[in-house]
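J.: Before we start, here is the structure in question, set down as structure tokens.
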Amino acid sequence: MTQEDNFIHKELTYKIIGYAMKVHRELGYGFLENALMVLLEEEGIKARQQYPISVYFENKVVGEYFADILVEDKVLIELKAIERTANTHTAQLLNYLKATKIRLGLLINFAPRKLEYERIIK
111 MTQEDNFIHK ELTYKIIGYA MKVHRELGYG FLENALMVLL EEEGIKARQQ
161 YPISVYFENK VVGEYFADIL VEDKVLIELK AIERTANTHT AQLLNYLKAT
211 KIRLGLLINF APRKLEYERI IK
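Below, the structure written as structure tokens:
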């Protein structure tokens, strides 16, 4: 990862994390994806829920993933509401990134005590 990678879509990422913090503060565990979409749409940020990602092998579709949210065709978001994320959750988002031309993903966990997030760069 280069120094430049650390700043990829920095402003957009900052906004997304801020909106996630607001959702977590006001709702806690419930309705996370829909509430985050409301805030993104209110701010005029283009976002799509359950974004389909096709997986290819030897030029044939062999499967499909669904990312929770795609923001501005630049950031894939995977949302969780669990005690603690694991390496498998990071790997899941990295697989989404590998299957697309998108370089940045956010793993956001609406954990019981505080919001946790991880920036993942392909």
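Numbering (this note's numbering), first residue to last: 111 to 232. Ideal placement from N, C-alpha and C gives every residue a C-beta, glycine not left out.
Go to Asn197, then tell me how far its alpha helix (DSSP H) extends in each direction, as first and last residue.
T.: 197-208
J.: Check whether the Cβ atoms of Gly215 and Leu207 sit closer than 7 Å, and answer yes or no.
T.: Yes, these two residues count as a Cβ contact at 7 Å.
J.: Identify which residue in Lys190, Leu137, Asn144, Val185 has its Cα closest to the Cα of Phe117.
T.: Val185
J.: On the CB-based measure, 16 or more other CB atoms within 10 Å of its CB, does Asn197 come out buried or exposed?
T.: Classification for Asn197: exposed.
J.: How should Ala177 be labelled, buried or exposed, when 16 other C-beta atoms within 10 angstroms of its C-beta is the threshold for buried?
T.: Using a 10 angstroms sphere on the CB of Ala177, the tally of other CB atoms reaches 16 or more, which defines it as buried.
J.: Using the rule of at least 16 other Cβ atoms within 10 Å of the residue's Cβ for burial, across every protein chain shown, is Val181 buried or exposed?
T.: buried
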